[in-house]
Each structure stands twice: as C-alpha cells, then as structure tokens.
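Chemist:
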DNA sequence: ATCCTATATGCGAATAACTTGCAAGTACTT
DNA sequence: AAGTACTTGCAAGTTATTCGCATATAGGAT
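Protein chains in written order, with our numbering: chain A, 1 to 147; chain B, 148 to 294.
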C-alpha cells in the first residue's frame, strides 16, 4: 500500500514478464491483501467496471497462474478461486466454512512423502505433480447462529 | 447388469426415498458401472436426449447427493463430477492425469486423525465435517506421447 | 520527450454449465 | 383401476468463462 510496496509490486510484475498496467497492479494488490483465496465473483465486484473489464480479469488471472504468481484453489465448484503465492510459505491448505465461506489456513502437509507414496501405489502413472487438500466444516459463528 | 442387479438397484433407490424411474435407474447404473468419478458432460452425452433431459439430470444428481448415493468429486473446475458411493469402501481419493483425465483410485488416508488435527489448529472453527484430497499427475501413456 | 510496437484492454457476442417455472406424465399407494 | 404426489420435459433464464477484433498504452528505442 505504501509507495515502496507499490514499486516492488510493479517490479515483481515486470520480473514475471508482464507490463505493469493499472489493472494488473490493482488485481495483484487485491490478491496480496486478501492473504488467502478470493473467488472470481468477489474480484469482479471490486474491480469491474472501471479498473478492469471482466474478460481482462479472466485473461489476467490465467496469465498470473501460468507465471506462478497465483494458484487456483478448488474450494467452490461454482466458480474459480485464486490466492496470491507468498513465497515465504508456499505450500499449505485451507479449512473452509461451508456456511459463510470463512477460510483458515492450515499448515502444510508432508508433500514430498505424500506424493511419493501415492505414485508408488499407482502403476499406470509416470509422475505426480500436484495435489489439492481442502477441509470443510463449520466456523464458531455459524455454529452459534444455527443453534 | 443382470436382472438381480437391476432389481436390487431399484430397491436401493426406493430405500433412499426415490421413485425408481427409468432415468434414475439409467443414471445410477451408469455411475455404478464407472467405478469412479464421471463428469456431467460425460453423463449428459450418454443419457441426453432420450433417457433424460439435461435439467432432470442435474436435479437428479443433486437429490442423489443429498441422499448420499453419490458424492461430488472436485477434480475439474470447469464442471462437476460425481461418483457412486460403494458402501464397501467409502473413503478414498484419486490420482488424475492432467492430460487425458485417466483416474486411479488411491487408498484412504487416515481421515479421523487428519480432520482432528486440523480442527485442533483452527481456533475459529467448531467442526470439520469433510475434506477433499486429489492428486494430479501424468499417466504413462501421456508421458510416452509427449516424449 | 517522442515514437514504435508488442502487449493489453474494452466491448460485444458467443459458449457452457447449471437453474427455474410450469404444465404434463407416471410410479406407486389404495 | 384411480388418485396423488413425485418426476420429467421443455423453454427460458442465470452465471461463469471465453473469443474476436479494433483500439489503447507500457516501456524500450530514438
């Protein structure tokens, strides 16, 4: 948010091979500030119209994903969600409240061991390259509300 | 497929509170024979038109899910996939080829321990009710083809 | 500072998945 | 055999996502 932050973000986009346009900066900033997954409807609500066209939003998300600036998080079948990849702690998972959508970050699993074990038990596969692990439950507020 | 099978399937649907209509029988049979997740486009291709209308397909899948006859499997963000719940071995996961969609079933994880551990580390949550764990990789055929 | 050009964007239209309302059909009870 | 509640088909609608193309602009070159 501060000037130094904006500048480094601009540089980060350039380093990833992009032009630092206002729309991209706004989207990147939005995702960074979220510190967790955001659904496309939420992003659209905050950036369209004015900053971004809807088609551009989707195009940009796709390029961000290819550049490994964001990762898609499968927490809702109805629409895609993405989260900014903070290089300090890459691998982790989520616990999602099935009523209000509240998300809590879960510490990383033992990725290496897990994928290796899976590959060992899958005779028709040559490699395991990624996995998704998401938990669903009820948060305290929603539990209280339904009681 | 044999008569005994069809009869018991009909009874299974009735036991779940449904009328055993031709469409439902066909969908249930299709899912059972698949022994794994099927995407809605695939189901539509095999059942629509004639046996089933598209709207009815989606409605039926939703009721099957509520009745716990099938479970939704999040392996493709673009459309929903479902698999028949074979009560012999309920809990398990999948390894999906990201090129051809081949699916291999993965032995169950330690669900109880896993969800308990997650809940313990999530102060804002009251309960963990489910989780999804899917692996993605490259199958031997696709590896060979791209080489 | 200005120019150039590849890259990005906006707009409109097109898909694709999924949903809804309602009138008509039928499985199953009596 | 008849009645009713549950199901379905059809048509139209909604929402997420994509595509083509003409215009705009970021950032390097001059």
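All C-beta atoms in this analysis are idealised placements derived from N, C-alpha and C, irrespective of residue type, glycine included. Keep in mind that this is a model prediction, so the values were computed, not measured.
Which same chain residues, not among the five before or five after residue 262(B), have their C-beta less than 7 Å away from its C-beta?
Modeler: 275 and 278
Chemist: In the DSSP output, what is residue 242(B) paired with across the bridge?
Modeler: 251(B) and 282(B)
Chemist: Using only alpha-carbon positions, find the residue among 272(B), 265(B) and 251(B) that is nearest to residue 285(B).
Modeler: Measuring from the Cα of residue 285(B), the nearest candidate turns out to be 251(B).
Chemist: From what residue to what residue does the alpha helix (DSSP H) around residue 262(B) run?
Modeler: Segment 258-267, the alpha helix (DSSP H) holding residue 262(B).
Chemist: Rounded to whole angstroms, how far is the Cβ of residue 242(B) from the Cβ of residue 125(A), which I believe are closer than 8 Å?
Modeler: Indeed they touch by this definition, with Cβ atoms about 6 Å apart.
Chemist: Of the residues that make up the segment 205-216 of chain B, which ones have a beta carbon closer than 9 Å to any beta carbon in chain A?
Modeler: Of all residues in the segment 205-216 of chain B, none comes within less than 9 Å of chain A when Cβ atoms are compared.
Chemist: Output yes or no for whether 8 Å exceeds the beta carbon distance between residue 181(B) and residue 216(B).
Modeler: No. Outside cutoff.
Chemist: Output needed for residue 110(A): all residues of its chain with C-beta closer than 6 Å, excluding positions within five of it in sequence on either side, in chain order.
Modeler: none
Chemist: Taking a contact to mean a Cβ-Cβ separation below 8 Å, would you say residue 222(B) touches residue 255(B) in this structure?
Modeler: no
Chemist: Whole angstroms are fine: how far does the CA of residue 56(A) sit from the CA of residue 48(A)?
Modeler: Note on geometry: alpha-carbon atoms of residue 48(A) and residue 56(A) lie some 10 Å from one another.
Chemist: Can you look up residue 186(B) in the DSSP assignment and give me helix, strand or coil?
Modeler: strand
Chemist: In chain order, what residues of the same chain lie with their CB nearer than 6 Å to the CB of residue 211(B), ignoring the 5 residues before and after it?
Modeler: Cβ within range, chain order: 217.
Chemist: Drop a sphere of 10 angstroms on the beta-carbon of residue 166(B), count the other beta-carbons inside from all chains shown, and report buried for 16 or more, exposed for fewer.
Modeler: exposed
Chemist: Using only alpha-carbon positions, find the residue among 87(A), 112(A), 120(A) and 142(A) that is nearest to residue 99(A).
Modeler: Nearest of 87(A), 112(A), 120(A) and 142(A) to residue 99(A), Cα basis: 142(A).
Chemist: Keeping to the same chain, check which residues put their C-beta closer than 7 Å to that of residue 150(B); ignore five residues upstream and five downstream.
Modeler: Low confidence applies to residue 150(B): its pLDDT is 46, below 50, so where it sits in the model is not reliable enough to give any reading.
Chemist: Can you find a CB in chain A that lies within less than 8 Å of the CB of residue 174(B)?
Modeler: no
Chemist: Tell me which residues of the segment 106-119 of chain A have at least one Cβ-Cβ distance to chain B shorter than 8 Å, keeping chain order.
Modeler: Cβ contacts with chain B: 106, 107, 115, 118 and 119.
Chemist: List the whole-angstrom C-beta distance separating residue 227(B) from residue 199(B), where the pair is believed to meet the contact cut-off of C-beta under 8 Å.
Modeler: With 8 Å as the limit, residue 227(B) and residue 199(B) do not qualify as a contact, their Cβ atoms being about 16 Å apart.
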